[in-house]
Amino acid sequence: MARSKYISVAERLSNRIQCGGYNIHGIPGEEHLAEEFDVSYMTLRKAVQELINKDIVLRLPNGRLKVNNKKWSEKGGIQKQIAFLTPEWNSPEYRDFQNPLSQLSVSSDFILRLVQYHHWDDPVIYNTISRFDCTFMIPNPEMTEAVASKIKGIGKPIFILSDDWSSYGIPSIMQNNSLYVQKMMDHLASLGHMRIDCLNVQPEFKAISERIAQWRAWLNLHGLGGKLYNEPIQLYEHAAPAAYNLVEGMIRKGKFDCKAIVCTTTPVAVGTIRAMLDHGIRPGTDAAVCSVDYSDIHEYSTPSLTSVSKSDFLPHLASCISWLQGGEKKWEGSMLLQPSDMNAVVRESTVPDIDKVQIPERMRYSLNASKAAGLPICV
């Protein structure tokens with residue numbers, strides 16, 4: 486016996502609701518939904534009534550539909566709808582937060598929804614924070630204190646990621662920029678470098694300015710020299726080509742005399758290394774290059790790129806979710822959460838022969854698999 490069409494429509498609507506699909510803009514009108522699902526208006530009405538009967542959807546006095554946010558999960562508690570709110574441009578650091586949040590959504594039984602906003606005053610920001618049970622937001626660097634105040638005034642749980650809004654009274658989780666820079670500077674100094682330069686082309690927003698300030702502070706503390714090469718691009722421009730053009734131009738003009746370079750981000754380091762290689766300058770041998778951030782690509786670059794180890798944000802994110810699930814109204818934890826268990830990961834861009842004295846991380850998985858299978862190992 487064929488399934489009733491309205492049951493299929495009800496299941497599709499229910500799945501969208503389960504995934505937070507109508508949390509931002511609400512459920513559209515029934516005529517719009519009937520057209521979207523390519524069914525008659527009466528079929529759509531029957532599907533909606535099915536969801537109302539199951540307490541998934543509520544019909545308001547004005548006839549509009551509303552998601553019932555008191556929906557019960559399989560574990561017997563209220564299943565939270567949590568937003569991961571980010572700017573539209575892509576960044577590898579998003580995965581550092583999204584992946585552990587996705588893990589927690591399974592173990593802690595909540596719905597995670599990725600939401601993107603276009604600019605710093607996009608209404609999507611305020612709609613998302615208002616409609617979701619909790620929001621983890623990566624802010625646009627252009628956001629001001631007035632925006633932070635408006636966000637806080639909404640009165641819904643929110644945590645800032647990859648930036649420090651603790652001074653605005655909003656709990657924040659971010660990498661420790663001072664520790665990042667310190668680890669790289671200590672490593673370069675251990676190689677005997679008495680001059681350590683800093684290269685940046687990223688827009689000078691807070692995180693970048695902090696890294697440059699920490700570079701200066703470390704040099705002053707240790708009595709070493711260094712030059713700053715700083716030509717910030719505009720927001721949304723690509724950093725790797727800009728870094729390439731900066732370094733390549735210095736080389737052509739005979740002004741490149743760097744022996745140790747701290748790059749503010751991975752794209753800056755990638756552009757720098759490419760320019761060096763195109764002119765026969767060997768990274769790690771003729772000039773050491775490192776980056777004060779983390780990316781999976783560092784291990785697989787040629788040469789592999791010295792950087793800091795990956796920050797583990799999972800424990801801090803888990804404490805936020807635990808607080809939310811506990812139903813407390815006020816966050817009582819630290820307003821600034823930062824992982825502290827990071828190290829310098831030395832690779833070929835600063836020590837070209839490093840893979841001869843230790844097995845590189847990229848090979849360990851396959852070597853372990855070969856050992857488990859009893860296969861011969863050649864390194």
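Okay, so the sequence shown: first residue is 486 according to the numbering used here, each after it adds one. Ideal Cβ positions, reconstructed from N, Cα and C, are used throughout, including at glycine. Computed from a prediction, not measured in an experiment: that's the story for all the values here.
Three or more C-beta pairs under 8 Å: does that hold for the region 580-594 against the region 604-617? no
Contact between the region 828-843 and the region 787-794 (3+ Cβ pairs under 8 Å): yes
What separation, rounded to the nearest whole angstrom, lies between the Cα atoms of Phe569 and Asn538? 31 Å
DSSP on Trp557, reduced to helix/strand/coil? With a pLDDT of 49 at Trp557, under the threshold of 50, the predicted position of this residue should be treated as unreliable, though the coordinate-derived value follows. DSSP places Trp557 in strand when its eight states are reduced to three.
Contact between the region 664-682 and the region 635-646 (3+ Cβ pairs under 8 Å): no
State the DSSP-derived secondary structure class of Pro572, mapped to helix, strand or coil. strand
Nearest-angstrom Cα separation, counted from Glu784 out to Ala519: 51 Å
According to DSSP, is Arg680 part of a helix, a strand, or is it coil? strand
Do you know whose CA, among Glu573, Ile541, Gly514 and Gln566, lies nearest Asn547's CA? Gly514
Compute the Euclidean distance between the alpha carbons of Val686 and Asn715, then round it to the nearest angstrom. 6 Å
Cβ atoms of Ile839 and Glu846: under 9 Å apart, would you say? no
Beta strand (DSSP E) segment containing Tyr602, residue limits: Phe595 to Tyr602
Please name the residue or residues paired with Arg544 in a DSSP beta bridge. Leu550
Check the C-beta distance from Gln564 over to Ile541 and give it rounded, since I have them as a contact under 8 Å. Incorrect: roughly 12 Å between the Cβ atoms, too far for contact.
Using a threshold of 9 Å, state whether the C-beta atoms of Glu578 and Ile623 are closer than that. yes
Burial state of Ala495 (16 or more Cβ within 10 Å): buried
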